[in-house]
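Taking our numbering, the leading residue of the sequence shown gets 284, the next gets one more, and so forth.
Glycine included, C-beta positions come from ideal geometry on N, C-alpha and C.
Being a predicted model, the structure only gives us computed values, none of them experimental.
Input: a single structure, listed below in structure tokens.
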Amino acid sequence: MKTEIVCFGEVLWDILPDKELPGGAPMNVAYHLQKMGHTTAMVTRVGQDAYGEQLLQLMRGYGLNTAYIQQDELVPTGKVLATITPSQEMAYDILFPAAWDFIAADLTWEAFLDAHPAYIIFGSLSSRHAVSREALKAMLRVPALRVLDVNLRPPHFSMEQVDWLLQHADIVKINEHELVELSRWFSFSGDMEACIEQLQEKYLPRAIIVTLGAAGAVLYEDGVFHYEKGHVVQVVDTIGSGDALLAGYLHARHQGSEPAAAIRFGNALGALVAGKSGGCPQYELKEIDALL
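Right under this line is the structure:
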């Protein structure tokens, strides 16, 4: 079966005070895209441990192509200690090392040359270690739209690494706080729109999505800003809501929706996920329509 979408990077367990949830932004995005009918492959690495086996079983259950998932004999499956702040934002302690830091730069990328995937989706977090960074560089040889999820989790990034990733991205997703950080790095000035325009002028992505938390999101595409207000939902946790928004936007654009309709759909999916537990919750597609 033809692979439409490739998601590269971390898969892990979010360890919350009262439960453990599967996660990692690339897997969250892959889950939603597969659920919406796109054949999606994960390229990642898990430990040869119970946590890794559970993730493999889950991803197979989601319908994802797991043929390109590596297993590590020495390094454990990734874990994140997650807590919810009083403002309902998530705080993360991302443990190092993790198996996904050691995705081998083998010939996996060659398997996708003939598949012509629509998107290769990757995040800045998965390039924190040199081994996975080299594997990502190999994967980006595959002709496809390159989708970068900027994920600035101190101390797991550097300006030089993020700069390189931005140079190789066709679509960029970033949150409002990360936009402020990038604006400081690169001496952008002015209001949010001005900083987004300067980011586009510097790196030339075709689209930039900025998530605004409960306030919604803004898309900058083809020189036009498209704003979507936040939905009023009973927030359970915000784990993976930005990943869901990105997946919804990509799905809609791939289906031929105009930019404004695509960010509207993505924003609705992000809100839906915020009202559920974890980054890969159960839901029906009709629940998205109810928010549109």
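State the start and end residues of the unbroken alpha helix (DSSP H) segment that holds residue i.
i           : result
residue 312 : 308-318
residue 439 : Taken as a continuous stretch (DSSP letters only), residue 439 belongs to no alpha helix (DSSP H), as it is neither H nor E.
residue 569 : 568-572
residue 242 : Lying before the first or after the last residue shown, residue 242 is absent from the chain, which here runs from 284 to 575.
residue 461 : 459-468
residue 552 : 542-557
Should residue i be labelled buried (16 or more other beta-carbon atoms within 10 Å of its own) or exposed?
i           : result
residue 502 : buried
residue 293 : buried
residue 570 : exposed
residue 575 : exposed
In the DSSP assignment, find the beta strand (DSSP E) that holds residue i and state where it starts and stops.
i           : result
residue 401 : That residue, residue 401, is in no beta strand (DSSP E); it is neither H nor E in DSSP.
residue 451 : Premise fails: residue 451 is in no beta strand (DSSP E) and is neither H nor E.
residue 289 : 288-291
residue 508 : 507-512
residue 362 : 361-367
Go ahead and pull the three-state DSSP assignment for residue i.
i           : result
residue 334 : helix
residue 502 : strand
residue 427 : coil
residue 446 : helix
residue 485 : helix
residue 525 : helix
residue 493 : strand
residue 531 : helix
Roughly how many angstroms separate the alpha carbons of residue i and residue j, rounded to a whole number?
i           : j           : result
residue 542 : residue 343 : 32 Å
residue 555 : residue 454 : 23 Å
residue 457 : residue 437 : 15 Å
residue 339 : residue 326 : 12 Å
residue 558 : residue 499 : 14 Å
residue 359 : residue 523 : 22 Å
residue 287 : residue 545 : 18 Å
residue 330 : residue 467 : 37 Å
residue 333 : residue 296 : 11 Å
residue 305 : residue 564 : 10 Å
residue 530 : residue 549 : 7 Å
| request: Only counting runs of 3 or more residues, tell me where the beta strand (DSSP E) segments fall wholly within the region 372-412, in order along the chain. | output: 373-377, 402-406
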